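Peer 1:
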Amino acid sequence: IKLSWSNLSYTVKAKYSKKAMQELGVSQQTYDKVLLKTQHGYVNSGEALFIMGSSGAGKTTLLNALCDRLVQNKACKLEGKILLNDSHPISQRDFGKYGTYVMQDDVLFPTLTCEEAIHFSAKLRTNLKGEDLRKRVNDTIDTLNLANSRKTL
203 IKLSWSNLSY
213 TVKAKYSKKA
223 MQELGVSQQT
233 YDKVLLKTQH
243 GYVNSGEALF
253 IMGSSGAGKT
263 TLLNALCDRL
273 VQNKACKLEG
283 KILLNDSHPI
293 SQRDFGKYGT
303 YVMQDDVLFP
313 TLTCEEAIHF
323 SAKLRTNLKG
333 EDLRKRVNDT
343 IDTLNLANSR
353 KTL
């Protein structure tokens, strides 16, 4: 599976402050603020994707665009293409089948052990039950080298 994106831009309507309107000598109250400008890229199945940049560079906006988590309306406009296997437009539901994305401020419960937190997340994200769910949790713990921490808070 390949996830690719091309000419990806995201623009939102932003409001000028009264002070900015006076300083800039503009009469309109809003302007188009570009949060993501003409981005291109791809990632293949089995690869990790690292997105680096300074604060405010658009890293989170790009990730939110790739997994269809951006607001799109008259004031917020996403342009460009995001495709699976170079042909199928992606939706949030599609993204959840093939990949995962942990938000910057992911919520973890401080009262759950490492194993319980992974189990809870797996129950929310999959339809697995019983032994299949336990196997997925154990496989995840092994993959992340968390065996020694599985019972810790």
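In my numbering, the protein residues as written are 203 to 355. Positions of the beta carbon are idealized from the N, C-alpha and C atoms, including for glycine. The model shown is predicted, which means the values in this text are computed figures rather than measured ones.
For histidine 290, write down the residues that DSSP places opposite it in a beta bridge.
Peer 2: Counting from 1 along the sequence shown, the entry for residue 290 is found at position 88. Histidine 290 pairs with Leu286.
Peer 1: Could you pull the DSSP bridge partners for serine 211 from this structure?
Peer 2: Position 9 of the sequence shown holds residue 211. Note: serine 211 sits in a beta bridge opposite Glu281.
Peer 1: Can you tell me which residues form a DSSP beta bridge with glutamine 274?
Peer 2: For this step, residue 274 is matched to residue 72 along the sequence shown. According to DSSP, which records beta bridges pairwise, glutamine 274 is partnered with nothing at all.
Peer 1: Does the separation of the CB atoms of cysteine 269 and phenylalanine 252 fall below 8 Å?
Peer 2: The count along the sequence shown starts at 1 and reaches residue 269 at position 67. The count along the sequence shown starts at 1 and reaches residue 252 at position 50. Against a cut-off of 8 Å, the Cβ pair of phenylalanine 252 and cysteine 269 comes out as no contact.
Peer 1: Looking only at its own chain, which residues have a Cβ that is under 8 Å from the Cβ of glutamine 231, when we skip the five neighbours before and after it?
Peer 2: Here residue 231 refers to the residue found at position 29 of the sequence shown. The residues are Lys217, Tyr218 and Met223.
Peer 1: Does the stretch 255–264 come within contact of the stretch 226–245, defined as at least 3 CB pairs closer than 8 Å?
Peer 2: At 8 Å Cβ cutoff, the stretches touch.
Peer 1: Here's the rule: buried if 16 or more other CB atoms are within 10 angstroms of the residue's CB, otherwise exposed. What is histidine 321?
Peer 2: Along the sequence shown, read from residue 1 onward, the residue named residue 321 stands at position 119. Buried: at least 16 other Cβ atoms inside 10 Å.
Peer 1: Flag methionine 223 as yes when its Cβ comes closer than 7 Å to any non-hydrogen atom of the ligand GTP, and as no otherwise.
Peer 2: As for the ligand GTP, it is missing from this structure, which has no ligand bound.
Peer 1: Would you kindly report the start and end of the unbroken beta strand (DSSP E) that includes asparagine 266?
Peer 2: Translated into positions along the sequence shown, residue 266 becomes position 64. Looking at the DSSP string, asparagine 266 is not in any beta strand (DSSP E); the run it does join, the alpha helix (DSSP H), is 261–268.
Peer 1: What do you reckon, are the CB atoms on threonine 328 and arginine 338 nearer than 8 Å?
Peer 2: The residue given as residue 328 occupies position 126 in the sequence shown. The residue given as residue 338 occupies position 136 in the sequence shown. Going by C-beta atoms, threonine 328 is nearer than 8 Å to arginine 338.
Peer 1: Taking threonine 315 as the reference, give the member of Asp334, Gly332 and Ala349 with the closest Cα.
Peer 2: Position 113 of the sequence shown, counted from the start, is the residue given in the question as residue 315. Selected option, being the one with the closest Cα: Ala349.
Peer 1: Grab the span of the alpha helix (DSSP H) containing glutamine 224 for me, first residue to last.
Peer 2: Numbered from 1 along the sequence shown, position 22 holds the residue referred to as residue 224. 220–226 is the span of the alpha helix (DSSP H), which, as asked, contains glutamine 224.
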